[in-house]
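Line by line, the protein sequences give chains E and L.
Quick note on our numbering: the first sequence kicks off at 1 and runs consecutively.
Quick note on our numbering: the second sequence kicks off at 1001 and runs consecutively.
Beta carbons: idealized from backbone N, C-alpha and C, even for Gly.
Notes for the one structure printed next.
Number of protein chains: 2
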Amino acid sequence: MNGGNGPQSYAQNSSYQRGATEVAKEIIREEIDKKLDIKQLSSTSMDPFCIADFGCSTGPNTFVAMRIIIEAFEDRFKKEGLTPEFQVFFNDLVSNDFNTLFASLPPERHYCAAGVPGSFHSVMFPKASLHFAFSSYSLHWLSRVPKEVTDNTSPAWNKGKIHHGGAKREVLDAYASQFATDLDSFLNARAHELVDGGLMALLIPAAPDAIRESHTSTITEVECEVLGSCLMDLAKKGVVDEVKVHMFNLPVYFTFPYELKALLKANENMDVQRMEMLNIPGKQELFPNPTANVLYLRAVLQGVLEKHFGSGIVDELFELYGRKVADSSFFFDPENQDLIVIFVLLRRKMRT
Amino acid sequence: MNGGNGPQSYAQNSSYQRGATEVAKEIIREEIDKKLDIKQLSSTSMDPFCIADFGCSTGPNTFVAMRIIIEAFEDRFKKEGLTPEFQVFFNDLVSNDFNTLFASLPPERHYCAAGVPGSFHSVMFPKASLHFAFSSYSLHWLSRVPKEVTDNTSPAWNKGKIHHGGAKREVLDAYASQFATDLDSFLNARAHELVDGGLMALLIPAAPDAIRESHTSTITEVECEVLGSCLMDLAKKGVVDEVKVHMFNLPVYFTFPYELKALLKANENMDVQRMEMLNIPGKQELFPNPTANVLYLRAVLQGVLEKHFGSGIVDELFELYGRKVADSSFFFDPENQDLIVIFVLLRRKMRT
């Protein structure tokens, strides 16, 4: 993600990701009201109530989400005559711009704030120290690019492409397998950290099951495909090394509802309480013109692109990308399917 | 403090401040071994053991201190057959470079790490959520410059100087009064955050009582005096506005042992368990030449100077300062008194 607060920053170009939390707001309130088992948490209910956002980025989306969540808990606790203090932990990779995050903390917040640097695929908190975990638009980021896709001896070698969007079946399978491993690490780490009965809400971008069946692509997948083709264009012009393009793949996977359901069910420590597809505004509505789309994709991907290719090519790459998007009718055709967002509520099982 | 890891960063120029923790190491171990009342903390001893460093800066000193403290606790807990998990909170102002701090966290650490942005003169944590608080070389930073010293109608107006070092009595009194207010805010905030029986260790730079009696200055105070004279030189050359120099004062105060003792005793929530002057290497030993002295002072003060005067003057200012230090025999005369460091151990009284 692009740090800082400038015109190309994630902070200024992440309204798309915020949409999901806004849409999920009522469900989150409803679930917290229904599912928070104060009795089960009673041994700790006088202690601060600890909440973590995994993959918080630089804001402001995380602040919106935390406000919604804390208001829901406050209302729920009020019914029992309780007014615990809240402590919110903002987690993201060490490379996240925490300075920007901290500088933009809302002054009127109802919680003590802390930043926790590190990969959410590992344990980040002491055992049974969190009461509520949240993660929005983060779990599609993989811990690594699947090995096979950059191995030119593998049937999953993703030559000339940078993602599973528009790639062959073996590539999608390699990505799916990495996602399964990563999700399991994530769930087990959270199972360590959550108190018995602690809740976790996830918002995960995914592709409709129909997409997998029809072997078509979502708009987001096509974006990755077009960006990959722009990189190949630059390779042909000699601006980047072609081998470098073959070695580059985005560590991003969009799961499918049926697949996610099976993976969550397989975890021994967590109970699925609710799983629901959200109806959020699609990209066609939010990015009505190519410029907005370019700014959005650049805010999300610039860091990972610069790390691999250096900072020299990014302007030229997104200029080219912008032209291809402008020339294509695909992106702005409401018939084409966009990503969906899956809301999941999980409960930490009792430790035996 | 200068962020980052470059040659002028605080991270590279803070070995002087680290000295105190190294010297205090054995006292800290001894006190933790003697004073940790596991029974009193027993209701929470199965929860993570929470430690905070208030005014941690960017490292590496805070990591050295946290290692020493955690090893002492681990040894103490081992005697009782306990092995709690540790959570360490690194606190400093929002303007602190947390990105650098997080990037340099020791990979082999025995604790979960979190950063907490905000002024330690306010409450930063939920009630009774910390077991041990620490602060080293931070409490001499005031929350603000005392109003009177920049008020040209006040007898404490500190015209042409930037600190109480070498200034008139009224200036020292104004600084002392601000320190008393700030220390009280600090102690009350920590009293809110610490569990009953929780301990707090402080390392506070101070001037020997003899300095106040003899109306002389420590080396550190003379450094501030010389830096102030350099700013006035630049004002006379027209490089900075003279009024700006009159309006600038360092928000830093060096207390005296007798004064600190009285202030600590007056606090209702904290019991002084131990108070001791530490014998740490003085500046003459650590900065045997002017260049080292300049780098040290610049790492500490550049931020606060740039905020007031802009970034344009800092190079010229420290070049001038370096020449004055080199020309002076004062700084390198072992007869001249340096700051001392006071170690204090406090215990949070039982809430009634």
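| query | result |
| --- | --- |
| If you pair each beta-carbon of the region 144 to 152 of chain E with each one of the region 237 to 252 of chain E, do three or more pairs fall below 8 Å? | yes |
| Between Leu-345 of chain E and Phe-132 of chain E, what straight-line distance do the alpha-carbon atoms span, to the nearest angstrom? | 11 Å |
| Hey, how far is the Cα of Gln-337 of chain E from the Cα of Glu-26 of chain E? | 25 Å |
| Over what stretch of residues does the alpha helix (DSSP H) that includes Arg-1298 of chain L continue unbroken? | 1290 to 1309 |
| Applying a beta-carbon distance threshold of less than 8 Å, which residues of chain E neighbour Glu-1148 of chain L? | Near Glu-1148 of chain L there are no residues of chain E at all, since even the closest Cβ is about 29 Å away, more than 8 Å. |
| Identify the contact partners of Phe-89 of chain E in chain L, using a Cβ-Cβ distance below 9 Å as the criterion. | Ala-1114 |
| Comparing C-alpha positions only, which one of E:Lys-265, E:Leu-339, E:Cys-112 and E:Tyr-175 sits nearest to Thr-216 of chain E? | E:Leu-339 |
| Identify which residue in E:Pro-84, E:Asp-37 and E:Val-88 has its Cα closest to the Cα of Phe-54 of chain E. | E:Val-88 |
| Determine whether the beta carbon atoms of Asn-96 of chain E and Thr-58 of chain E lie at a separation below 8 Å. | yes |
| Across the region 1065 to 1072 of chain L and the region 1104 to 1114 of chain L, are there enough close Cβ pairs to call them in contact, namely three or more that are closer than 8 Å? | yes |
| Comparing alpha-carbon positions, which option in L:His-1121, L:Ala-1207 and L:Val-1222 lies nearest Leu-1297 of chain L? | L:Val-1222 |
| Classify Gln-1178 of chain L as helix, strand or coil using the three-state DSSP reduction. | helix |
| For Thr-83 of chain E, count neighbouring C-beta atoms within 10 Å of its own C-beta (all shown protein chains included) and say buried if the count is 16 or more, exposed if not. | exposed |
| Once DSSP output is grouped into helix, strand and coil, what is the label at Met-1124 of chain L? | coil |
| If the criterion is Cβ atoms closer than 8 Å, does the pair Ile-342 of chain E and Ile-204 of chain E meet it? | yes |
| Where do the ends of the beta strand (DSSP E) carrying Glu-276 of chain E lie? | 270 to 278 |
| For a test of the three-state rule: what should DSSP assign to Leu-346 of chain E, helix, strand or coil? | strand |
| Find the residues of chain E that neighbour Asp-1097 of chain L, judging by a C-beta separation of less than 8 Å, and give them in chain order. | Asn-99 |
| Taking Pro-1290 of chain L as the reference, which of L:Phe-1120, L:Ser-1329, L:Glu-1193 and L:Gly-1322 has the closest Cα? | L:Gly-1322 |
| Would you report the Cα separation of Ser-1328 of chain L and Leu-1130 of chain L, rounded to the nearest angstrom? | 47 Å |
| Just the C-alpha distance for Asp-75 of chain E and Ile-28 of chain E, rounded to the nearest angstrom, thanks. | 12 Å |
| Is Ser-143 of chain E helix, strand or coil by DSSP? | coil |
| What in chain L is Cβ-close to Met-124 of chain E, meaning under 7 Å? | Cys-1112 |
| Apply the 10 Å Cβ neighbour rule to Ser-1043 of chain L and answer buried if 16 or more other Cβ atoms are within range, or exposed otherwise. | Unreliable placement is indicated for Ser-1043 of chain L, whose pLDDT of 49 sits below 50; no coordinate value is reported for it. |
| Starting from Gly-1197 of chain L, trace the alpha helix (DSSP H) both ways and give me its first and last residue. | From DSSP, Gly-1197 of chain L is part of no alpha helix (DSSP H) but of the beta strand (DSSP E) over 1194 to 1206. |
| For the beta strand (DSSP E) that contains Phe-1090 of chain L, what are its first and last residues? | 1086 to 1092 |
| Nearest chain L C-beta to Ser-129 of chain E closer than 8 Å, yes or no? | yes |
| Ordered along the chain, which non-local residues of its own chain (more than five positions away) have a Cβ less than 6 Å from that of Leu-36 of chain E? | Arg-76 |
| Per DSSP, what kind of secondary structure is Thr-21 of chain E in: helix, strand or coil? | helix |
| Which residue from L:Lys-1168, L:Pro-1257, L:Phe-1120 and L:Tyr-1010 puts its Cα closest to that of Arg-1190 of chain L? | L:Phe-1120 |
| For Met-1277 of chain L, count the other beta carbons within 10 Å of its own beta carbon; 16 or more makes it buried, fewer makes it exposed. Which is it? | exposed |
| Taking Cβ-Cβ distances shorter than 9 Å, what residues in chain C pair up with Ala-103 of chain E? | The structure shown has no chain C; the protein chains it does contain are E and L. |
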